[in-house]
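These notes are about the structure you will find just below.
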Amino acid sequence: MAYIMHKLIVSIILLVLIVMVVPRGYTEIVEDGLVGYWSFDQIVGKTVKDGLKKHDGAISKGNIKSANNGKIGKALLFDGEPDFVEIDGANDFIANADFTWCAWIKTKEDLGGIVAKTPSEFDTDAQGAKTFFLNAGTLTFDTGWVGVINGLKTVNDDKWHYVAVSAEFKDINATLQFYVDGKKDFQGPMAVGQHPEDDFPILIGLDPRVFAEGDAISAPFNGLIDEVSVYDRVLTEDDIRQNFESDKGLSVEVFGKLAVTWGSLKHK
């Protein structure tokens, strides 16, 4: 009888947890084409866990802090110093074919790197490297030795904004589309695939390259970055809106946390 009561109590607790963790009508991010997802909720030492468990990142220096006031759970706090999170896996993060990069950001600065596929060495000027960053408070995309495109809407008001860039390729040329908070911001053409793809890592928070004249491509990010996702396809506007409206992030992380809780309960 005591055993049955124990199991009943555990089941009731589990049911309550399900209601708390997975509320009615909650939305998850789009998973079709997702090749990397960093919620920054799981950081072990200087290792940033990938929600897909494929491409963990490494914090380059100790100045990047974990912050409890993320958009969803925890976030990374960048202090404007030349630091970044480096994520290897060049074969999964091709940027000379269709892709979409997304992130939640919060900053009051005019400049700052968000996501880049570029060498991690400082003061290089690599052809074909790509970076998604802020310039004059607007979304900007640069391809090394090709060109740069700027968005329209400013996002440096110290409020959370969901930002994204997609590239839809036709040969070496691509149509770049910026999004801010689930809505289209600006669209423009660029020969993003003009130079061969190199084995560059993904960097979050900084592009350490410099232009030929010695000026930095982008400044280090100063503020909060959360829920970074990389896709190997072009997300639709509806996809972007779903991600913007998501309050739980990646479903496997939600249910993974639930499984851990259930496992601990079963052994009590």
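Numbered as in the working numbering, the sequence shown ends at 268 without a single skipped number.
Quick reminder that beta carbons are idealized off the backbone N, C-alpha and C, glycines included.
Legend entry - Close-in-space but distant-in-sequence residues of the same chain around Arg241 (CB under 7 angstroms, 5 per side omitted): One-based indexing of the sequence shown puts residue 241 at position 241. Leaving aside the five residues that flank Arg241 on each side, the residues in its chain whose CB is nearer than 7 angstroms to its CB run, in chain order, Gly182.
Inset, instruction - Just mark Pro208 as buried or exposed, buried being the case when its beta carbon has 16 or more other beta carbons within 10 Å. - result: Looking up residue 208 in the sequence shown gives position 208. Counting Cβ neighbours within 10 Å, Pro208 comes out buried, since at least 16 surround it.
Inset, instruction - State buried or exposed for Ala191, treating a residue as buried only when at least 16 other CB atoms are found within 10 Å of its CB. - result: Sequence index remark: in the sequence shown, residue 191 carries index 191 (1-based). Exposed: under 16 other Cβ atoms inside 10 Å.
Inset, instruction - Could you tell me which residues DSSP pairs with Gly112 in its beta bridges? - result: Locating residue 112 in the sequence shown gives position 112, counting from the first residue. DSSP lists Leu134 as partners of Gly112.
Legend entry - Contact between the stretch 172–188 and the stretch 108–127 (3+ Cβ pairs under 8 angstroms): no
Legend entry - Residue range of the unbroken beta strand (DSSP E) whose run includes Asn69: Position 69 of the sequence shown, counted from the start, is the residue given in the question as residue 69. Neither: Asn69 is in no beta strand (DSSP E) and is coded neither H nor E.
Inset, instruction - Determine the DSSP secondary structure at Phe141, reduced to helix, strand or coil. - result: Along the sequence shown, one-based indexing puts residue 141 at 141. DSSP places Phe141 in strand when its eight states are reduced to three.
Inset, instruction - Let me know the secondary structure DSSP gives Ile240 once reduced to three states. - result: By one-based count along the sequence shown, residue 240 stands at place 240. In the three-state reduction of the DSSP assignment, Ile240 falls in the helix class.
Inset, instruction - On the DSSP bridge assignment, give the partners of Ala103 in chain order. - result: Working through the sequence shown from its first residue, we reach residue 103 at position 103. Ala103 pairs with Val163.
Inset, instruction - Could you tell me the distance, in whole angstroms, from the CA atom of Thr154 to the CA atom of Val30? - result: Here the question's residue 154 lines up with position 154 in the sequence shown. Here the question's residue 30 lines up with position 30 in the sequence shown. If you take the alpha carbons of Thr154 and Val30, they lie about 25 angstroms apart.
Legend entry - With 16 other Cβ atoms within 10 Å as the buried cut-off, status of Glu245: The residue given as residue 245 occupies position 245 in the sequence shown. With fewer than 16 Cβ atoms within 10 Å of its Cβ, Glu245 is classed as exposed.
Inset, instruction - Can you grab the Cα-Cα spacing for the pair Thr47 / Trp38, in whole Å? - result: One-based indexing of the sequence shown puts residue 47 at position 47. One-based indexing of the sequence shown puts residue 38 at position 38. Going from the Cα of Thr47 to the Cα of Trp38 covers about 11 angstroms.
Legend entry - One or two residues paired with Ile149 in a DSSP bridge: Looking up residue 149 in the sequence shown gives position 149. Answer is Phe141, bridged to Ile149.
Inset, instruction - Apply the 10 Å Cβ neighbour rule to Pro189 and answer buried if 16 or more other Cβ atoms are within range, or exposed otherwise. - result: For the purposes of this step, residue 189 is taken as residue 189 along the sequence shown, with counting starting at 1. When all chains shown are included, Pro189 counts as exposed.
Legend entry - Burial state of Asp247 (16 or more Cβ within 10 Å): One-based indexing of the sequence shown puts residue 247 at position 247. Exposed.
Legend entry - Which of helix, strand or coil DSSP assigns to Glu245: If you number the sequence shown from 1, residue 245 lands on position 245. Looking at Glu245 - three-state DSSP - the assignment turns out to be helix.
Inset, instruction - Report the option in Lys54, Ala216, Glu109 and Gly80 whose CA atom is closest to the CA atom of Leu134. - result: By one-based count along the sequence shown, residue 134 stands at place 134. Answer by Cα proximity: Glu109.
Inset, instruction - Quick one: grab the DSSP three-state call for Ser229. - result: Within the sequence shown, residue 229 is the residue found at index 229, counting from 1. Of the three classes helix, strand and coil, the one that applies to Ser229 here is strand, per DSSP.
Legend entry - Minimum C-alpha distance to Ile87 - residue among Gly223, Ser229 and Ile202: Walking along the sequence shown from the start, residue 87 turns up at place 87. Per the Cα distances, Ile202.
Inset, instruction - Assuming Val85 contacts Gly57 (C-beta within less than 8 angstroms), just tell me the rounded distance between them. - result: Numbered from its first residue, the sequence shown carries residue 85 at position 85. Numbered from its first residue, the sequence shown carries residue 57 at position 57. With 8 angstroms as the limit, Val85 and Gly57 qualify as a contact, their Cβ atoms being about 4 angstroms apart.
Inset, instruction - Within its chain, find whatever has a CB closer than 6 angstroms to the CB of Asp83; leave out the 5 residues flanking it on each side and keep chain order. - result: Here residue 83 is taken as the residue at index 83 of the sequence shown, counted from 1. Result list for Asp83: Ser60, Lys61, Asn63 and Ile64, in chain order.
Legend entry - Residue from Lys106, Gly80, Gly144 and His55 with nearest C-alpha to Asn91: Locating residue 91 in the sequence shown gives position 91, counting from the first residue. Sorting Lys106, Gly80, Gly144 and His55 by C-alpha distance to the C-alpha of Asn91 places His55 at the top.
Inset, instruction - Identify which residue in Lys49, Gly137 and Trp104 has its Cα closest to the Cα of His161. - result: Translated into positions along the sequence shown, residue 161 becomes position 161. Out of Lys49, Gly137 and Trp104, Trp104 has the C-alpha closest to the C-alpha of His161.
Legend entry - Residue from Val234, Ala75 and Asn96 whose Cα sits closest to the Cα of Asp199: Along the sequence shown, read from residue 1 onward, the residue named residue 199 stands at position 199. Considering only alpha carbons, the answer is Asn96.
Inset, instruction - Could you tell me if Val230 is buried or exposed, where buried requires 16 or more neighbouring beta carbons within 10 angstroms of its beta carbon? - result: Within the sequence shown, numbered from 1, the residue matching residue 230 stands at position 230. By the 10 Å Cβ count, Val230 comes out buried.
Legend entry - Cβ separation of Pro220 and Gly112, assumed to be a contact under 8 angstroms, to the nearest whole Å: In the sequence shown, counting from the first residue as 1, residue 220 sits at position 220. In the sequence shown, counting from the first residue as 1, residue 112 sits at position 112. With a Cβ gap of about 7 angstroms, Pro220 and Gly112 count as contacting.
Inset, instruction - Measure the CB-CB distance between Glu28 and Ser251 and report whether it falls below 8 angstroms. - result: Numbered from its first residue, the sequence shown carries residue 28 at position 28. Numbered from its first residue, the sequence shown carries residue 251 at position 251. Taking a C-beta distance under 8 angstroms as the contact criterion, Glu28 and Ser251 qualify as a contact pair.
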